[in-house]
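Sequences listed follow chains A and B, in order.
Just so you know, we're using this note's numbering here: the first sequence kicks off at 1 and counts up by one.
Just so you know, we're using this note's numbering here: the second sequence kicks off at 1001 and counts up by one.
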Amino acid sequence: MVLMAMMALVLGIFYGLSGMEWRLPDFLAAHSGWILYVLMFSVGISVGMHHGLLQKLREHHIKILIIPAGIIIASAIGGVFCSWITGYPLGQSIAAASGLGYYSFTGVAMNQIAGPEMGGIGFLSNLMREIFSFIVIPFAASRLNGYACIASAGATSEDTTLPMMIRYTDEETVVLSVINGILCSAAVPVLVPVFCGLS
Amino acid sequence: MLLLIVMGAGVLVGSCFFPEQWKKGNHVLQTVATLVIIFAMGVMLGRKENFLKDLSSLGLASFIFFVIPTVLSMLVVYSLTEKYMNKRKKQTLEKKQKQKK
């Protein structure tokens, strides 16, 4: 599956770069949002067929927040280290790291607030996080735990990397993945401008 | 939010109406939809202006800004969840194993 996912990504990039305009690929690319809804419905069916799952989630209670909180705090600390290594301003570095894989927003926001160079770094570093997640999720699921997969995906755990979660973790982790993605996606538009403003 | 509602509808269908024999078909649908979404993401990236130029000029700094926060996130979440969330999972598993014995 990892190979197929990587091939799909590379094929998509080549197709996009080529400037070709074929009907089917263009239709699929333009309607990927609808395909995501189909996928989510299908995932919901899998979750619904897994009896006792809701009970398991209730057992975790407030501990569900450990995952997004851990991701946000650890990413911000990572931003401090990045600033120290690269010499970029501290606030902007934390902002780039706080993109949590939400590359479209982080790139645009940082471009406006901190200029094109930091905008480029914000975009690319978060894009790399998303691509890296595709590769690392299968290994993290077997060597660490399903929650570490969610940590790698960050804000993308509710959409683009969700299919990999479905494939390599269990139904409980998939539900936590969606919740985490929603919380992280809501946090990024707050965190990036706030940290950028610190510089 | 709409995603959650759609997923909730799926949960309802899965728990009440969905036939067990269609489980495999549902799994195939997930795989196909996954690959299409990933392909679409690639198309959007490839069509982004200056994608290759950005990749080559800011590549190293971007790599540092991606790898440190990502690895730290994974380590922190792994440690926290092993301590606070996996404990109960493991206890349940151990209990089940004891009951089997």
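Just so you know, even glycine gets a beta-carbon here, dropped at the ideal spot from N, CA and C.
Every value quoted in this text rests on a predicted model; they were computed, and no experiment measured them.
For Val136 of chain A, the CB contacts under 6 Å within the same chain, skipping 5 residues up- and downstream, are Ser152 in chain order.
When DSSP states are grouped into helix, strand and coil, Pro138 of chain A belongs to the helix group. Here Leu1058 of chain B carries a coil assignment [DSSP, helix/strand/coil]. For Ile71 of chain A, the number of other beta carbons within 10 angstroms of its own is at least 16, and it is reported as buried.
In this structure Ala1009 of chain B is not in contact with Ala29 of chain A, their Cβ atoms being roughly 25 Å apart against a cut-off of 8 Å. Those residues of the stretch 173 to 191 of chain A placed with their C-beta closer than 8 Å to a C-beta in chain B are Val178 and Ile182, ordered along the chain. Short of 8 Å from the beta carbon of Phe1051 of chain B, and not among the five residues preceding or following it, lie these beta carbons of its own chain, in chain order: Leu1045. Using a Cβ-Cβ cut-off of 9 Å, Lys1023 of chain B is close to Ile45, Ser46 and Met49 of chain A, given in chain order.
A straight line joining the alpha-carbon of Leu24 of chain A with that of Ser32 of chain A spans about 12 Å. The residues Pro68, in chain order, have a CB closer than 7 Å to that of Leu183 of chain A in the same chain once the five nearest residues on each side in sequence are set aside.
Chain-ordered, the chain A residues with CB closer than 8 Å to the CB of Glu1082 of chain B read Asn145. When DSSP states are grouped into helix, strand and coil, His1027 of chain B belongs to the helix group. Using a 10 angstroms sphere on the CB of Pro163 of chain A, the tally of other CB atoms reaches 16 or more, which defines it as buried.
With its beta carbon less than 7 Å from one in chain A, Pro1069 of chain B belongs to the interface. Judged by DSSP secondary structure, Tyr37 of chain A falls within the alpha helix (DSSP H) whose first and last residues are Ser32 to Met49.
For Ile1037 of chain B, the nearest CB of chain A lies under 7 Å from its own CB, placing it at the interface with that chain.
For Ser185 of chain A, same chain residues with a beta-carbon under 7 Å away, outside a window of 5 residues either side, are Tyr102, Ala155 and Glu158 in chain order. When A:Phe134, A:Ser177, A:Leu127 and A:Ala141 are compared, the shortest CA-CA separation from Ala8 of chain A is found for A:Phe134. By the Cβ-count criterion, Ser104 of chain A is exposed, with fewer than 16 other Cβ atoms from all chains shown falling within 10 Å of its own Cβ. The three-state reading of DSSP puts Ser98 of chain A in coil, since its state is none of H, G, I, E or B. At the C-beta level, Ile45 of chain A and Val1067 of chain B stay beyond 7 Å of one another. In the displayed model, Trp22 of chain A falls within coil according to three-state DSSP, outside both helix and strand.
Under the 10 Å beta carbon count, Cys82 of chain A is surrounded by 16 or more other beta carbons and is classified as buried. Just measuring C-alpha positions, the residue of A:Pro189, A:Met49 and A:Phe27 sitting nearest Phe1017 of chain B is A:Met49.
Gly122 of chain A is positioned such that its CB atom lies closer than 7 Å to that of Gly99 of chain A.
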